Structure formats: structure tokens, C-alpha cells
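Chemist: Note that the protein sequences, when read in sequence, are chains L and A. Add 10 to a position in the first sequence, counting from 1, and you land on the number used in this note's numbering. Add 1 to a position in the second sequence, counting from 1, and you land on the number used in this note's numbering. Positions of the beta carbon are idealized from the N, C-alpha and C atoms, including for glycine. This structure is a prediction, so every number in the text was calculated from the model and none was measured. Before anything else, here's the structure in question.
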Amino acid sequence: MEARRKKSPLPWLKPAVLTGSLVPIAAILERAWRDDLGPDPIAQALNQLGLIALVFLVAALGCTPLKTIFGWTWPMRIRRMLGLLAFFYAFLHVITYTVLDQGLDWNAIVDDVVKRKFIFLGFSTFLLLIPLAAHRQIPPSDASVTSGGSSSIASPMWHQRLRSFISL
Amino acid sequence: MSDIGNIPARSEITPERVYLQRREFIKNSLLFAATSSGVGSTLLWLMRGLRAKDHEKKAKTAATRAPDDTALTIARRYDYASGEKNTSYNGVTNYNNFYEFGTDKGDPAANASTLKPRPWHVAIDGEVAHPQVFEVEQLVKSFPLEERIYRMRCVEAWSMVIPWVSFPLGDLLKRVEPTPRAKYVAFKSLLDPQQMPGQRTDLLQWPYVEGLRIDEAMHPLTILAVGLYGKRLPNQDGAPIRLVVPWKYGFKGIKSIVNISLTAEQPPTSWNIAAPDEYGFYANVNPAVDHPRWSQATERRIGEYHRRPTLPLNGYGDQVASLYTGMDLRTFF
């Protein structure tokens, strides 16, 4: 009778965070469908996707400090998922820029990436996220952070890109 | 066998494990619902900062337009946009840069109802034989109004096609007779933080100021607009009177003008004061000279999907290129 199966604690956490995290993309698609993204819908979608990607990146990077400082362990359960969500939104952000905004005009894109610091930084951040996502290790293991892993500086990069985009 | 009555068969008793699971299931469901909606609405709230508060804005926009929707009598119509499709009235009046009412594109439409465009006086002074103060209604009645369809290219790499109702600036300047010392024309917007709440910030030096060389100001394409789409200018588009110089970036088109002064020296201009390496005095549309933070080679026409190439002098080179012969437009950007 006492032998209640020891289930994983907080079984609702991951599905709940995932469901909530898909609300922004649903909202953007729904607004695009209703033509409600304003007179410059591509810029609007671009900025919103970038912002959400940044939010998830910061959230993923914040999990370890939360554990260290407050001893909370639940963020660690969703850390990998937050990282993958950051990559998901960053990917949509990049696709919106390359396909919708620039129309796959690679000359213009290369020109942009080389000439504009904020696009260069955002682009490098995205490139850095790719191998991390491929290994499903965003943010990387503590070891790689302490060994000076590149993602420890990713956050200010994203921040700068986003700020620049907004100022645009 | 005890006689305590109807004891259910052992098999009918819900096992404690299942009983606990059911409570757990309900608890987990509630926590799931709360967490997912919490995460979802937080993210939507964060996005909202970037998104024009559309619904409030639509309501207020109607109020902004309400004061005077009277049609203007148009004497002549000219299409200077080679038949390109006009940007919708909705686009022209809800996507504005007018920092006196906020920095978001939707802010002017939402906030400009505090501006009182009537009555409105414009003083013309400086190097002129007859300095004068004009009431805008007087100007509207004394000049034959023309509809001019112009391309408008913003320095932020978006563009519109707008049917302005206007008269040439040169016709007004001729009335006050510029003296031979007049080499430039300086323009000033209203300074009144009560009417223009954005002036309580120090994003720019207030009031907004702009300037043209006298030959640019006298050019027949340079107009003072009092309306668009056949109606009075909505407040967010610079009511009641604004400058339009179609071959220059949009920020040269100073809005809600109260003073025009002819000067011997080149006047200061707002964006040039704020960021001299990004915005020059001339600000001619030039796809070959990038803004430090973005390319000017292409633009997105509001309402369109694909970018289109930006034309030198915004496509008005045939008419205005002669103003700049011998000048290096990279230096004088």
C-alpha cells in the first residue's frame, strides 16, 4: 500500500512551459493571418521573434544561477527545453530576415552582416547556437561555461542586436 | 462476518493509490493550466511593448481625425509617382515618425489628438522685404491647391506614395520677397509640451528645426502640404501645415510649422544636431550612401511584401539633379 510509485516531481512543468512558450508564434501567425501586424508586418514579426528568442536565451542562461543562488532545482529541469525554444525562435527570426525581409538576396545579406555590427553579432550568436542545439545542450554544460564557453557572452550580444533592431 | 451493514466488496473500494492519483491528476492539471497560461501571457505582454496598442489606437485615431474632415478644393492634380499605387489612407495616417507624440510608429496616431491645429499662425521673417504672419486658413484660401502624388522615402528604408494637397513653398516665399542676402530657409515646428507631450523628453532638441538651401526651397517640387487624400492633414501627419521635399529623406519634411525664416547662414537641423555622422543637412535620397546602421540601397513600400530598389534622389533626378552639379553627395549627405 505504501509503495506509491515514485513519480518524477512536477510532471506538469515541462508540458506547461512548452505550451505557454508556443503562444507567441501562434499569436504572430494569427495576427499575420488577420493582417494585424501593422503597416510593416515583416519588421513587426522580425522584432517580436527576436525579442522572444532573447527572452528564452536569457531564461535558459538564468537557470544555473537560480540554482546556485537560491538552490532552486526546478529551473534545471526545463533548462534544455528553454535553450531549444531560444533556438527555435532565433531560427524563425533568421528565416524571417533572410527570406521575408531580404528575399534571399545573398549579396545584400552578406553586405548587411559584414557592415552592421548588430547584425554581425546576432548572426554569430545564431551560428554559435547551432552546434549547441544540435547537441541539445543549450546552455552548455557547466564545464563549458566555466571554461570560457562562448555562450556566456552570447547574452549581451543578443541584447545589443535587439536594441539595435528596436532602434531601427 | 461483522454486522456493520453494507460493507462494499473489497474489490469495489477505490485503492488508495488510485484515489491519490486522481487528486494528483487534478492538482497537476490545474498547475499545468496556470503555468502554461502564465508563461503564455507573460510572453504576450512582453511582445505588446513592441506592438502598437492597436485597439486603443484605432479608437483614438478616429478622434484625432474628427475635428475637421472637410474636403479641400483642389484646383489641379499631378502624379509625380509614375502611376505607382498610393499607400492606403490607413497606412499614411497610422505609421508615422513624429517624435513630439512618441517614438513608436503608432504613437502619433494615438497621441496627437492633443494638438490644436486651428487657428494656426505661421510667421515668415528674416531676410525678407515683407515679414508677415499668416493664418493657415488664409493661405489655404489664397493659393490654388494642388494634389501632388509623391513618393516619400524615409531614412529608415521604408517608403510610401502619398497624394498631398499643397501649394509650392516658392509661391509663398515670393510673396514676402527674399532679399539678396537670403541663402537658406530655416523652419521651426511648434514648441508646446502641453500639445506635444513628446517634448517633455529630450530625445531631440525642441522645437524640431529643419532647413533648405534657397534654391531647394524655391524649386517647384518643394511644397507646403495642408492636406492628404483630399482632406485636411490629420494631426499625426503634421497638421495644419508641413513641408514636403520629395527627393529628400522624410525627416526633412518638418511638421506643424510655426516659423519660416530666411537666413544668410546654413541653419541647424534637428537630426543633424542629434547624430551628425548619421544625418546630414542635405539628406538627399541616395542608394549609394548607406546609413551607418543600415543599407539605403533598397526600401520596403508600406503595404508591399518585397523590397524595391531605392532610386537616386528618390526618382526626381531629372528635375533636381542640376541643383547639385559639382557637389560630392557622399560628403554632403
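(1) Nearest to G199(A) by alpha carbon, out of R182(A), F102(A), L44(A)?
(2) Please classify I255(A) as buried or exposed, where buried requires at least 16 neighbouring CB atoms within 10 angstroms.
(3) Rounded to the nearest angstrom, what separates D50(L) and Y107(L) at their Cα positions?
(4) So, do the region 66-75 of chain L and the region 319-330 of chain A have three or more beta carbon pairs nearer to each other than 8 Å?
(5) Can you give the Cα-Cα distance for D203(A) and A276(A), rounded to whole angstroms?
(6) What's the C-alpha gap between Y79(A) and G251(A)?
(7) Whole angstroms are fine: how far does the CA of E17(A) sit from the CA of R23(A)?
(8) Tell me the rounded alpha-carbon separation between P247(A) and V27(L).
(9) Can you name the residues of chain A whose CB is closer than 9 Å to the CB of S31(L)?
(10) What's the gap between the Cα of R233(A) and the Cα of P241(A)?
(11) How many angstroms separate the CA atom of N285(A) from the CA atom of W116(L)?
(12) On the DSSP bridge list, what partners appear for M161(A)?
(13) With DSSP run on the structure shown, which of helix, strand or coil describes A295(A)?
(14) Say whether the region 184-192 of chain A touches the region 155-168 of chain A, bearing in mind that this needs 3 or more beta-carbon pairs closer than 8 Å, one atom from each stretch.
(15) Going by other Cβ atoms of all chains shown within 10 Å of its Cβ, with 16 needed for buried, is R331(A) buried or exposed?
(16) W22(L) CB to nearest chain A CB: under 9 Å?
(17) Going by Cα to Cα distance, which pick from S12(A), E157(A), H292(A) is closest to K125(L)?
(18) Quick one: grab the DSSP three-state call for I255(A).
(19) Within 10 Å of its beta-carbon, does R154(A) have 16 or more other beta-carbons around it, so buried, or fewer, so exposed?
(20) So if I threshold CB-CB distances at 9 Å, which residues from the region 108-127 of chain L count as touching chain A?
(21) The alpha helix (DSSP H) with I6(L) in it runs from where to where?
(22) Please list the residues of the region 288-314 of chain A that have a C-beta atom closer than 8 Å to any C-beta atom in chain L, keeping them in chain order.
(23) Work out the CA separation of L312(A) and V120(L) for me, nearest whole Å.
(24) Counting contacts by CB-CB distance shorter than 9 Å, is L32(A) in contact with chain L?
(25) Measuring only the C-alpha atoms, how far is M161(A) from A36(L)?
(26) Ignore the nearest five residues each way along the sequence and tell me which others in P145(A)'s own chain have a CB closer than 8 Å to its CB.
(27) Please give me, in chain order, every unbroken run of the beta strand (DSSP E) with length at least 3 that falls completely inside the region 156-235 of chain A.
(28) Give me the Cα-Cα distance between Q1(A) and D238(A), rounded to the nearest whole angstrom.
(29) Can you name the residues of chain A whose CB is closer than 8 Å to the CB of P25(L)?
(30) Under 9 Å, do Y230(A) and Y81(A) count as touching if we go by C-beta distance?
(31) Please check if any C-beta of chain A sits within less than 9 Å of the C-beta of L131(L).
(32) Could you tell me which of I62(L), D111(L), K77(L) sits nearest to L45(A), measuring between CA atoms?
(33) Classify V321(A) as helix, strand or coil using the three-state DSSP reduction.
(34) The region 149-165 of chain A: which residues have C-beta closer than 8 Å to a C-beta of chain L, in chain order?
(35) Could you check whether the Cβ of P141(L) sits closer than 9 Å to any Cβ belonging to chain A?
(36) From G39(A) to G30(L), what distance separates their C-alpha atoms?
Modeler: Let me spell this out:
(1) F102(A)
(2) Buried, by the Cβ-count rule.
(3) Rounded to whole angstroms, the separation of the alpha carbons of Y107(L) and D50(L) is 13 Å.
(4) no
(5) 14 Å
(6) 20 Å
(7) Their Cα atoms are separated by approximately 10 Å.
(8) 51 Å
(9) S37, V40, G41, L44
(10) Straight through space, the alpha carbons of P241(A) and R233(A) are spaced by roughly 7 Å.
(11) 27 Å
(12) M153(A)
(13) In the sequence as displayed, the identity of residue 295(A) is Trp instead of Ala. Reduced to three states, the DSSP call for W295(A) is strand.
(14) In short, these stretches do not touch, since the Cβ pair count stays below three.
(15) exposed
(16) A Cβ of chain A is located within less than 9 Å of the beta carbon of W22(L).
(17) H292(A)
(18) coil
(19) buried
(20) L110, D111, Q112, G113, D115, A118, D121, D122, K125, R126, K127
(21) Since the first residue shown for chain L is 11 and the last is 178, residue 6(L) is missing from the structure and cannot be characterised.
(22) D291, R294, W295, S296, A298, T299, R301, I303, G304, Y306, H307, R308
(23) Taking the straight line joining both Cα atoms gives about 22 Å.
(24) Yes, its Cβ sits closer than 9 Å to a Cβ of chain L.
(25) 30 Å
(26) A76, R77, F168
(27) Complete beta strand (DSSP E) runs here, min 3: 159-169, 185-190, 210-214, 224-229.
(28) This structure does not reach residue 1(A), given that chain A is present from 2 up to 334, and the question cannot be answered.
(29) For P25(L), the C-beta contacts it makes with chain A under 8 Å involve F33, S37, in order along the chain.
(30) no
(31) no
(32) Looking at the Cα atoms, I62(L) is the closest of the given residues.
(33) helix
(34) E157, W159
(35) no
(36) So the two alpha carbons sit approximately 7 Å from each other.
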